[in-house]
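Right, one structure below, let's go through it.
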Amino acid sequence: MKQFLNFINGEFVATGKTFENRAPINNQVIGQVHEAGAAEVDAAVAAARAALGGEWGRMSVVKRTELLHAVADEINRRFDDFLAAELADTGKPRSLASHIDIPRGAANFKIFADIVKNVPTESFQMTTPDGGTAISYAMRTPLGVIAVVCPWNLPLLLMTWKVGPALACGNTVIVKPSEETPATATLLGEVMNSVGIPKGVYQVLHGFGPGSAGEFLTRHPGVDGITFTGETRTGEAIMAAAAKGVRPVSFELGGKNAGIVFADADFDAAVAGITRSAFENCGQVCLGTERVYVQRPIFERFVAALKARAEALKIGPSDEPGVGLGPLISAEHKAKVLSYYAKARAEGATVVTGGGEPPMHGAYAQGHFVQPTIWTGLPETSSVVREEVFGPCCHIAPFDTEEEAVRLANATDYGLATTVWTRDLGTAHRMAAAIEVGLCWINSWFLRDLRTAFGGAGASGIGREGGVHSLEFYTELRNVMIKI
Ligand code: NAD
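Each residue of the sequence shown is one higher than the one before, starting from 0 at the first, in numbering that gives the first Met the number 0.
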């Protein structure tokens with residue numbers, strides 16, 4: 000049985016208290032996770048502060064960024080170990096994790112190392128009241144000890160998306176991975192030691208949120224800032240914890256994203272795009288599309304085409320060839336998604352396809368599989384149209400005009416992402432300007448340039464990550480003025 004230990008001050012640390020790690024494909028116990036308590040949080044914070052004042056804090060940017068390149072190279076060298084760990088924890092298709100989770104998880108170290116090495120700061124010259132000259136220049140200093148609280152849907156990728164820039168900027172990090180996916184964060188501890196990242200720079204504490212490692216870490220006064228990806232209501236709890244000491248937060252939260260398909264769109268490309276945005280990673284993507292609006296002339300044809308695509312998705316475990324849809328993360332999450340499937344029926348939805356559990360055989364019958372599901376006919380007020388389900392499902396409704404599409408898309412407290420399909424450049428630009436989101440994809444979805452800003456408006460988050468935008472959170476900008 001695998002033991003997932005905490006990683007504190009360069010050492011793997013067991014605790015007296017463990018919880019089970021289960022495989023989503025068959026619900027079998029695959030490991031024991033050692034839960035960190037207040038004492039482990041204290042030890043990690045002390046080590047992180049010591050590292051800031053030690054070799055890491057004194058290290059040149061060039062050396063620091065070289066080390067981060069080495070981290071990425073070592074992840075790639077141990078690609079199969081990381082892939083196996085991520086597949087065991089999430090059950091997602093091997094094709095997906097090997098193309099997105101692991102390579103992007105490694106790339107996050109290189110891209111932010113290169114950005115930090117090359118980014119300029121501003122400088123101004125002015126005439127002073129006495130006729131002399133003053134020069135101002137800005138410098139960036141690390142924020143300090145950063146708590147990194149992570150979700151389970153893209154465990155390595157979303158964690159390194161924060162750890163990469165945080166370390167590149169010279170901070171130290173304490174990662175609290177999701178209790179559902181402890182493996183890759185733990186493995187990264189081995190990588191940090193093997194490439195020579197100093198002790199205390201990268202640490203991992205396992206456990207839950209309230210009354211456990213998550214709460215103890217985010218409440219700890221020795222933590223200087225908190226970066227979090229997860230549910231909006233968890234963000235509210237963390238923000239309350241961060242208020243003590245007025246500590247900054249960076250939040251990537253939930254979404255209830257609209258996809259909009261105009262009648263002039265490249266039909267096949269739009270169907271393929273919405274298939275991905277609704278069902279990829281079994282719908283467990285914050286950027287996913289759970290509300291689809293299709294212009295009336297192509298509505299019936301689009302629903303039929305999406306139904307055919309959904310029904311063609313092969314459901315199964317990570318390693319079965321051709322699998323496009325893995326399981327949900329846990330029994331608890333499966334119960335939540337199925338409860339929305341039941342609500343949709345109760346609220347009068349037409350179930351175009353799916354709506355339940357697929358027939359699975361052998362051990363997989365205990366896995367957390369659900370059918371990809373499409374509904375039509377629900378009012379905009381129904382709970383599956385309003386609330387984030389985070390499963391492989393979407394509701395499709397017709398619209399007539401651009402104005403109506405904008406109104407429907409914006410009728411939510413969230414504001415994370417949208418995907419718009421049209422061949423009309425004017426329509427595309429007007430929609431991009433009118434839909435209140437942090438991320439607007441035109442004729443694409445989840446296409447990423449890591450230099451660009453990533454984040455959500457409204458209840459979907461606070462701040463932007465990506466490219467130089469990550470520096471806003473992970474550094475303090477100091478102005479130096481010199482009177483000549
Ligand atoms: P979650 O909020 O349940 O948990 C996320 C993390 O927070 C876990 O590590 C958990 O242990 C910890 N946590 C929970 N309560 C806490 C507390 N009170 N104090 C400190 N830590 C606490 O989210 P999840 O279920 O793991 O992830 C799914 C959610 O994440 C969805 O809402 C999804 O939209 C969102 N998400 C957003 C983005 C984005 O970039 N905007 C990306 C991925 C996922």
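Built from N, CA and C at the ideal position, the CB exists for glycine as well.
Asked                                                                                                                                  : Found
Start-to-end residues for the beta strand (DSSP E) that takes in residue 90                                                            : First-last for residue 90: undefined, no H or E at that position.
Cβ-based burial, residue 158 [other Cβ within 10 Å; buried from 16]                                                                    : buried
Among 56, 374, 23, nearest to residue 347 - alpha-carbon criterion                                                                     : 374
Limits of the unbroken alpha helix (DSSP H) element including residue 238                                                              : 231-242
Whole runs of the beta strand (DSSP E) within the region 166-212, excluding any shorter than 3 residues                                : 171-175, 201-203
Contacts around residue 243, its chain only, beta-carbon distance under 8 Å, and the 5 residues preceding and following it disregarded : 218, 220
Residue 282 - DSSP class collapsed to helix/strand/coil                                                                                : helix
Reduced DSSP category for residue 447 - H, G, I as helix; E, B as strand; rest coil                                                    : coil
Given residue 183 as reference, the closest of 150, 237, 359 once Cα atoms are compared                                                : 150
Nearest residue (CA-CA) to residue 388, options 281, 428, 482, 443                                                                     : 281
Any non-hydrogen atom of the ligand NAD closer than 7 Å to residue 236 Cβ                                                              : yes
Own chain, CB closer than 7 Å to residue 468, minus 5 neighbours either side, in chain order                                           : 452
C-beta contact flag for residue 308 and residue 270 at 8 Å                                                                             : yes
Residue 62, enclosing alpha helix (DSSP H) - first and last residue                                                                    : 60-76
Residue(s) in a DSSP beta bridge with residue 251                                                                                      : 228, 460
Inside the region 264-333 only - alpha helix (DSSP H) runs reaching at least 4 residues                                                : 266-278, 298-311
Segments assigned alpha helix (DSSP H), at least 4 residues, entirely inside the region 390-438                                        : 401-409, 424-433
Range of the contiguous beta strand (DSSP E) that encloses residue 98                                                                  : Element bounds for residue 98: n/a, residue is neither H nor E.
Separation of residue 407 from residue 79, as counted between CA atoms                                                                 : 44 Å
For residue 125, the three-state DSSP class (helix, strand or coil)                                                                    : strand
Expected contact under 8 Å - CB spacing of residue 457 and residue 414 to nearest Å                                                    : 4 Å
The region 392-400 touching the region 367-383, judged by at least three CB pairs closer than 8 Å                                      : yes
Any non-hydrogen atom of the ligand NAD within 7 Å of residue 175 CB                                                                   : yes
Sequence-distant residues of the same chain with beta carbon closer than 8 Å to residue 47, five excluded per side                     : 144, 171, 172, 173, 199, 200, 202, 221
Helix, strand or coil at residue 360 according to DSSP, with G and I counted as helix                                                  : coil
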